[in-house]
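Notes follow once the structure below has been shown.
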Amino acid sequence: MKLSDTTNINLSKEVKAELENRKKSLGKRIGRVVSYDDLLRVMIGWSI
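So for the sequence shown, our numbering puts the first residue at 6; every next one is plus one.
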């Protein structure tokens, strides 16, 4: 495993954590309007 591989793994973990935080804050704001499952589908769609 190269050094760049571990950097990419760490980076992706940070990105995933950031996405989780955004999902949570976004979910709090519009959770009453949109179900969390719909929000999750949108987020998954964006990440692809």
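Yeah, the Cβ is synthetic: ideal placement off N, Cα and C, and Gly gets one too.
This structure is a prediction, so every number in the text was calculated from the model and none was measured.
- Contact annotation, residue 48 with residue 24: C-beta distance approximately 7 Å; criterion of less than 8 Å satisfied.
- Within the same chain, and ignoring the five residues on either side of residue 28 in sequence, the residues whose Cβ sits closer than 8 Å to its Cβ are 44, 45 and 48.
- In this model, residue 31 and residue 18 are separated by some 20 Å (Cα to Cα).
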